[in-house]
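Report on the structure given below.
Right, here's the structure in full:
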């Protein structure tokens with residue numbers, strides 16, 4: 200992550216991966232990504248899941264990828280190169296009416312949560328900005344979707360607590376949302 204002083208924004212500059220793709224080179228590449236706030240969570244989750252697939256396939260650290268994995272690898276690598284175009288403004292303005300909105304969801308692959316600031320000024324200006332996000336890959340031992348959704352809700356609760364503990368955000372309205380996988384009909 201680097202800071203552009205002219206535009207007052209953060210950007211991500213990633214070096215190309217060196218050598219043929221193996222478990223070792225891919226893990227080394229992913230470990231270089233510095234994303235403490237979670238702005239790159241959609242991309243980094245895909246990488247974490249890919250590393251889990253490599254572990255499931257029982258690949259050695261320096262073995263070449265199995266036949267079905269190189270295609271996924273190329274898709275992931277192209278998503279990383281597109282990060283050069285991502286710019287995240289450092290300043291997060293509070294307007295007349297602001298609120299924190301949190302979302303969480305889960306799937307068989309993993310779960311995640313995100314907190315956004317949504318601000319309005321009159322009827323004209325609306326601004327939504329990602330403040331923080333986090334994701335986790337589902338454990339290798341299979342769990343039910345409702346259980347993973349509970350873990351996502353706990354993750355969202357921790358993220359929201361972290362955000363609201365700092366002064367500019369602690370007096371805002373808070374809205375939390377989840378997408379349930381099942382519902383009771385009665």
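In this note's numbering, the protein residues as written are 200 to 385. Even for Gly, the Cβ is constructed at its ideal location relative to N, Cα and C. Please read these numbers as outputs of a predicted model, since none were measured by experiment.
The straight-line gap separating the alpha-carbon atoms of residue 359 and residue 338 is approximately 24 Å. Between residue 298 and residue 374, the gap from beta carbon to beta carbon is short of 8 Å. For residue 314, the enclosing beta strand (DSSP E) begins and ends at 309 to 320. If only uninterrupted beta strand (DSSP E) runs of at least 3 residues are considered, those enclosed by the stretch 260 to 303 are 286 to 288. For residue 233, the secondary structure class from DSSP, reduced to helix, strand or coil, is coil. Per the coordinates, the alpha-carbon of residue 255 lies some 38 Å from the alpha-carbon of residue 208. Excluding residues up to 5 positions away in sequence, 298 lie with their Cβ nearer than 6 Å to the Cβ of residue 372 in the same chain.
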